[in-house]
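Here the sequence shown is numbered in the working numbering, starting from -8 and rising by one per residue. Where a beta carbon is used, it is the ideal one built from N, C-alpha and C, also for glycine. Written below as structure tokens is the structure these notes are about.
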Amino acid sequence: MENVLTQTVSFVKQKLEGAEAGHDWFHIERVWKLSKNIAATEDCDLLVVELSALLHDIADPKFHGGDETLALKISRKFLESQGISEEIIGQVLFIIQNISFKNRGEITGNLPVELKIVQDADRLDAIGAIGIARTFNFGGFKNNLMFHPDIPPKLNMTKAEYKKNEGTTINHFYEKLLLLKDLMNTSKGKELAEKRHRFMLEFLAEFQAEWNVEV
-8 MENVLTQTVS FVKQKLEGAE AGHDWFHIER VWKLSKNIAA TEDCDLLVVE
42 LSALLHDIAD PKFHGGDETL ALKISRKFLE SQGISEEIIG QVLFIIQNIS
92 FKNRGEITGN LPVELKIVQD ADRLDAIGAI GIARTFNFGG FKNNLMFHPD
142 IPPKLNMTKA EYKKNEGTTI NHFYEKLLLL KDLMNTSKGK ELAEKRHRFM
192 LEFLAEFQAE WNVEV
């Protein structure tokens, strides 16, 4: 297991060299660490959790023309090269395919605990201080407005609307980030999300006060 993980780390670092800073190796590393932290509180297959955490953003669709199959193809090819069983490959690919916020309504029934863990870890890295930094970094990458008082958030978007949305960075908090606390799957995820959620609310209140020059 250790050798496979070492090889996976090297592979992901190489593939994500030069990636946008909110979706680079350091994002993967944080999600990996958070996944192991949460996994310690759950009855799960740790190898599936770790491989999924490491590969979950190997080809994020928003940086690849919306292609939601590329990450699955890259991950399968790599895992097969490492001699990973088809059973484990299937579980890892299922997590990669269904981890995203925009895909949250596409599967029904009980989620595998390994998906719950990695999804919580990924969502935790999207909120709190790191989440704020990543959101503004991506907004700058896309040259989006930070805020516009006449552009309200778009709530309850469909998947297609969400993928095309070019709203402001502040609106993204209301359209996604502030919703994540209540979408956590695991007890540990819910616990860790509370503090990060409060920090975002404090930031948004301060942002609005400074925007409106409330001295």
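Secondary structure of residue 73 (DSSP, three-state): coil.
Under the three-state reduction of DSSP, residue 89 is assigned to helix. DSSP, reduced to helix, strand and coil, places residue 177 outside both helices and strands of the structure shown, so it counts as coil.
Judged by beta-carbon spacing, residue 116 lies beyond the 9 Å limit of residue 175, meaning their Cβ atoms are not closer than that value. Counting C-beta pairs with one atom in each stretch, the stretch 47 to 60 and the stretch 83 to 92 have three or more that are closer than 8 Å, which means they touch. Rounded to whole angstroms, the separation of the alpha carbons of residue 181 and residue 173 is 8 Å. Only exposed fits residue 132, as fewer than 16 other CB atoms lie within 10 angstroms of its CB. In the structure shown, residue 142 falls within a coil segment according to DSSP collapsed to helix, strand and coil. Where residue 112 is concerned, the enclosing alpha helix (DSSP H) starts and stops at 104 to 115.
Taking a C-beta distance under 9 Å as the contact criterion, residue 83 and residue 42 qualify as a contact pair. Of the residues assessed, residue 137 falls on the exposed side of the cut-off, its CB having fewer than 16 other CB atoms within 10 angstroms. Using a Cβ-Cβ distance cut-off of 8 Å, the stretch 123 to 130 and the stretch 12 to 22 are in contact, since at least three pairs of beta carbons, one from each stretch, lie closer than that value. By the CB criterion at 9 Å, residue 144 and residue 162 fall inside the cutoff.
Taking 9 Å as the cut-off, the Cβ atoms of residue 183 and residue 19 do not count as close. For residue 204, no alpha helix (DSSP H) run applies, since DSSP gives it neither H nor E.
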